[in-house]
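Protein chains: 2
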Amino acid sequence: MDQLEQDFLHGLKTVLGLPNPFVPLHEPEFMGNEWELVKDCLDSTFVSSVGKYVDHFEVMLAEYTGAKYVVAVVNGTAALHIALLLAGVRPGDEVLIPALSFVATANAVAHCGAIPHFIDSEFKTLGIDPHALSDYLKHCSLSSSEGLTNRFTGRRIAAVVPMHTYGHPVDMVSLLDVADRYDLTVVEDAAESLDSRYQGQHTGTFGLLGTLSFNGNKVITTGGGGAILTNDAELARQAKHWTTTAKQPHRWEFFHDAVAWNYRLPNLNAALGCAQMEQLPDFLRRKRLLAQQYEKVFKDIDGIDFVVEPPNSQSNYWLNTLRLNQPSFEMRDRLLTAANEVGYQCRPTWTLLHKLPMYADCPRAPLPIAEQLEASLINVPSSAKVALV
Amino acid sequence: MDQLEQDFLHGLKTVLGLPNPFVPLHEPEFMGNEWELVKDCLDSTFVSSVGKYVDHFEVMLAEYTGAKYVVAVVNGTAALHIALLLAGVRPGDEVLIPALSFVATANAVAHCGAIPHFIDSEFKTLGIDPHALSDYLKHCSLSSSEGLTNRFTGRRIAAVVPMHTYGHPVDMVSLLDVADRYDLTVVEDAAESLDSRYQGQHTGTFGLLGTLSFNGNKVITTGGGGAILTNDAELARQAKHWTTTAKQPHRWEFFHDAVAWNYRLPNLNAALGCAQMEQLPDFLRRKRLLAQQYEKVFKDIDGIDFVVEPPNSQSNYWLNTLRLNQPSFEMRDRLLTAANEVGYQCRPTWTLLHKLPMYADCPRAPLPIAEQLEASLINVPSSAKVALV
Ligand SMILES: Cc1ncc(COP(=O)(O)O)c(C=O)c1O
Ligand SMILES: Cc1ncc(COP(=O)(O)O)c(C=O)c1O
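Same order as they appear, the protein sequences are chains A and B. For the record, in the first sequence the residue sitting at position 197 is 197 according to the UniProt record's numbering, with numbers rising by one throughout. For the record, in the second sequence the residue sitting at position 260 is 260 according to the UniProt record's numbering, with numbers rising by one throughout.
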């Protein structure tokens with residue numbers, strides 16, 4: 001075993017203690033009012049499409065994020081699908097997304113009948129690099145009265161989707177500047193960044209719309225769940241309408257006025273979400289302590305760095321991330337093997353989206369940084385409960 | 001108030017007792033192990049995409065329905081969407097569905113990029129009329145080596161979707177015969193017909209694929225949920241793969257091999273489903289008693305009939321249904337007004353799908369029976385708990 005492997009395992013042990021027998025990557029915690037609210041929901045019999053917990057959860061999220069309107073939905077993929085449709089993404093359009101993201105970002109674009117167009121990431125934020133994007137658009141796009149088109153494919157470029165990777169905010173001031181100059185609608189994939197802030201403003205509230213996920217591996221969970229954030233009353237109304245079969249209110253008639261989805265969050269899952277929201281500040285306090293422990297311990301280890309929150313930002317440190325100084329799939333996989341064998345669940349970042357067969361033919365910018373990050377990022381155990389507080 | 005209104009209210013009172021203050025159309029019941037299993041699920045922390053309850057729920061459904069394979073998903077709309085894709089429905093195809101159905105049947109077709117093509121219903125079953133379908137296909141379709149096409153639109157007709165209305169099974173022998181002669185793939189929308197059988201065989205198991213819903217208003221509920229049924233191992237494997245982001249199993253790599261969905265049922269909702277499945281036989285016993293009470297009481301009332309299960313079929317009597325002898329929107333709405341004002345929640349059937357703006361331009365067969373049914377059907381309170389047992 002070489003030095004880096006030894007140091008890496010030693011670092012994990014220092015932060016996490018000995019695995020006994022297994023430290024998961026991210027585990028939820030239900031130590032608050034989860035049982036009570038879920039039981040109350042069952043007792044009410046309103047477990048499904050109607051019920052007070054959905055409304056309550058939406059209000060809690062609005063208050064927490066500062067978004068004016070929140071629409072709870074069945075998961076983060078559904079949230080992004082509808083947000084993109086509301087942003088005007090239409091079949092045959094292209095949507096700019098980072099090559100370094102979870103596959104759901106690209107899938108939501110495909111669910112609109114649109115085509116992902118992959119953009120490079122920034123070393124510091126792990127998210128879309130606004131400067132690289134700007135340079136790229138200069139040569140690959142054409143602006144006209146009909147909007148932005150891809151000079152090579154002739155397709156409309158309808159939107160850009162910054163994703164706040166592992167909780168670290170994208171450089172939003174620069175991104176909004178580029179979007180503004182190119183007349184691009186911004187939809188933020190904030191699935192991973194509940195409580196992450198850029199210059200004090202919550203991620204997901206910069207774009208026309210933003211989306212959250214409450215999957216089991218996120219900072220809070222509803223089993224499965226997601227939300228659409230917006231400051232636009234009319235978009236919020238439509239988001240609710242399109243995610244609830246577009247039924248017009250009536251005493252008894254079933255009149256629906258648009259092709260629509262059953263994307264509503266069940267009240268049962270919302271009840272869990274309300275209890276989780278109450279815990280969120282405590283989860284985040286402990287997650288931040290854990291991140292500080294990683295930062296401190298790995299500062300002294302050569303060859304690998306802990307990824308800290310970008311300047312002007314506050315990260316939720318959803319998944320703590322280490323970065324090899326020398327990108328190497330071989331070394332990355334050796335460290336992953338060593339850690340997972342001992343019982344620390346560690347993961348590489350995602351396979352870059354343009355390397356997946358269904359997205360291999362999609363347009364893309366040069367991706368030098370994303371390629372480096374793919375060969376150097378390692379996620380390490382990040383549950384609030386493993387922080388030694 | 002005229003005689004029919006008086007008789008109708010009196011009939012409801014005889015069956016249901018006095019509303020105190022309100023008898024809902026259909027209410028779930030959680031008097032079994034619901035809380036225990038949900039609590040166990042919370043305690044395990046596996047509330048989301050991984051967990052034993054999803055597997056368990058799928059096995060229970062397979063045993064109950066006789067389907068070889070069951071894939072639990074997030075709701076009935078998602079189930080039908082994926083079932084149609086698996087049946088080979090592609091953008092620009094037409095799919096034959098009843099005009100008399102909940103909007104989700106048409107939406108699932110639209111979600112595939114396909115076009116609903118509306119078919120008439122049968123008076124007895126309230127579902128697709130196989131004989132009318134056969135006559136209609138004779139003049140409107142063309143068979144060739146590429147399959148069936150619509151002679152007027154030139155589009156491929158990819159599948160037919162019988163829906164078992166309010167639990168009453170479609171005449172499946174005749175329908176399968178038509179499908180066979182025209183080489184049409186059958187996908188059953190069995191959202192409303194868990195436990196309904198045709199000649200002893202469970203609805204949803206006749207077609208290549210079938211789908212269920214566990215929405216809050218159905219015979220059992222998971223908050224939100226659905227399932228795909230099939231006897232084909234490869235289709236079942238694909239259904240699971242496509243509804244769970246098409247991720248290839250690997251110790252740590254994120255490699256996905258198809259555009260796919262996050263349509264998995266959370267383990268929390270599956271835990272509720274397992275407990276509900278335990279109760280199902282008792283729910284159905286009581287629902288059948290309630291239906292018998294309606295049948296008996298409304299036998300003596302002139303001008304309105306109770307819809308009984310079709311020949312050779314066993315209905316789950318999901319929603320008990322009365323039918324005016326003389327179709328009349330005016331009389332229907334008078335009865336609805338009277339009943340709802342007193343506190344019996346009653347509903348008309350759905351607005352026929354071709355009357356909704358987004359489906360108004362879709363192709364359709366003559367719909368004389370569906371038109372009559374629309375002006376004559378009334379759903380009356382149907383919860384198992386209101387049966388006077
Ligand atoms: C970046 C990103 N986008 C979208 C999603 C989709 O969210 P969900 O799993 O709730 O559908 C996730 C999380 O899984 C994600 O990490
Ligand atoms: C005929 C029919 N199809 C599809 C669905 C869709 O099911 P879900 O509401 O679970 O999406 C329903 C129930 O709502 C239904 O009644």
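Cβ atoms here follow ideal geometry from the backbone N, Cα and C, with glycine treated the same way. Keep in mind the model is a prediction, meaning the values are calculated, not measured.
Taking C-beta to C-beta, are residue i and residue j nearer than 7 Å?
{"i": "Ala375/A", "j": "Leu100/A", "result": "no"}
{"i": "His164/B", "j": "Gly66/B", "result": "no"}
{"i": "Lys240/A", "j": "Val71/A", "result": "yes"}
{"i": "Tyr344/B", "j": "Pro368/B", "result": "no"}
{"i": "Thr125/B", "j": "Asp171/B", "result": "yes"}
{"i": "Ala270/B", "j": "Phe57/B", "result": "yes"}
{"i": "Leu322/B", "j": "Ile304/B", "result": "yes"}
{"i": "Ala384/A", "j": "Lys287/A", "result": "yes"}
{"i": "Ser196/B", "j": "Gly76/B", "result": "no"}
{"i": "Ala360/A", "j": "Ile119/A", "result": "no"}
{"i": "Ser48/A", "j": "Gly92/B", "result": "no"}
{"i": "Leu16/A", "j": "Val386/A", "result": "yes"}
{"i": "Asn316/B", "j": "Val219/B", "result": "yes"}
{"i": "Asn379/A", "j": "Arg334/A", "result": "no"}
{"i": "Val54/A", "j": "Leu229/A", "result": "no"}
{"i": "Phe306/A", "j": "Leu42/B", "result": "no"}
{"i": "Pro116/A", "j": "Ala108/A", "result": "no"}
{"i": "Gly32/B", "j": "Glu309/B", "result": "no"}
{"i": "Ala275/A", "j": "Leu37/A", "result": "yes"}
{"i": "Ala83/B", "j": "Ala227/B", "result": "no"}
{"i": "Asn217/B", "j": "His81/B", "result": "no"}
{"i": "Gly204/B", "j": "Glu188/B", "result": "yes"}
{"i": "Pro162/B", "j": "Leu148/B", "result": "no"}
{"i": "Ala190/A", "j": "Val160/A", "result": "no"}
{"i": "Val50/B", "j": "Tyr263/B", "result": "no"}
{"i": "Pro357/B", "j": "Thr221/B", "result": "no"}
Per DSSP, which residues does residue i bridge with? Please list them.
{"i": "Gly147/A", "result": "Ser144/A"}
{"i": "Lys247/B", "result": "His256/B"}
{"i": "Ala227/A", "result": "Ala72/A, Leu212/A"}
{"i": "residue 392/B", "result": "The question about residue 392/B has no answer, for chain B in this structure spans 1 to 389."}
{"i": "Arg364/B", "result": "Phe118/B"}
{"i": "Gln201/A", "result": "Tyr198/A"}
{"i": "Asp189/B", "result": "Met163/B, Thr211/B"}
{"i": "Pro348/B", "result": "Ile378/B"}
Determine the extent of the beta strand (DSSP E) in which residue i is found, giving its start and end residues.
{"i": "Phe306/A", "result": "304 to 306"}
{"i": "Val47/A", "result": "Premise fails: Val47/A is in no beta strand (DSSP E) and is neither H nor E."}
{"i": "Asn320/B", "result": "320 to 324"}
{"i": "Ile220/B", "result": "Here Ile220/B belongs to no beta strand (DSSP E), and DSSP marks it neither H nor E."}
{"i": "Val23/A", "result": "Premise fails: Val23/A is in no beta strand (DSSP E) and is neither H nor E."}
{"i": "Val95/A", "result": "94 to 98"}
{"i": "Leu377/A", "result": "377 to 380"}
Using the beta-carbon of each residue, which ones in chain C are nearer than 8 Å to residue i?
{"i": "Ala104/A", "result": "No chain C appears in the structure shown, which is made up of the protein chains A and B."}
Over what stretch of residues does the alpha helix (DSSP H) that includes residue i continue unbroken?
{"i": "Asn340/A", "result": "329 to 342"}
{"i": "Glu234/B", "result": "233 to 242"}
{"i": "Val54/A", "result": "52 to 65"}
{"i": "Leu16/A", "result": "3 to 16"}
Closer than 6 Å to a non-hydrogen atom of ligand 4 - does that hold for the CB of residue i?
{"i": "Gly76/A", "result": "Ligand 4 is not part of this structure, which contains only ligand 1 and ligand 2."}
### Segments of 3+ residues assigned as beta strand (DSSP E) that fall wholly inside the region 111 to 184 of chain A
Qualifying beta strand (DSSP E) stretches, in chain order: 115 to 119, 141 to 144, 147 to 150, 157 to 160.
### Query
Residue ranges of each beta strand (DSSP E) run of no fewer than 3 residues wholly in the region 268 to 316 of chain B, ordered along the chain?
Counting only runs of at least 3 residues, the region 268 to 316 of chain B fully encloses the following beta strand (DSSP E) elements, listed from N- to C-terminal order: 304 to 306.
### Message
Using 8 Å as the cut-off, can you tell me whether the region 241 to 249 of chain A makes contact with the region 335 to 343 of chain B, which would need three or more C-beta pairs spanning the two stretches below that distance?
### Response
Taking one beta carbon from each stretch, the region 241 to 249 of chain A and the region 335 to 343 of chain B have fewer than 3 pairs nearer than 8 Å; the two do not touch.
### Query
Are three or more beta carbon pairs between the region 244 to 258 of chain A and the region 351 to 362 of chain B nearer than 8 Å?
Contact between the region 244 to 258 of chain A and the region 351 to 362 of chain B is present, because at least three Cβ pairs lie under 8 Å.
### Stretch-stretch touch, CB-based, cutoff 8 Å, three pairs: the region 181 to 189 of chain B with the region 86 to 97 of chain B
They touch, by the three-pair rule.
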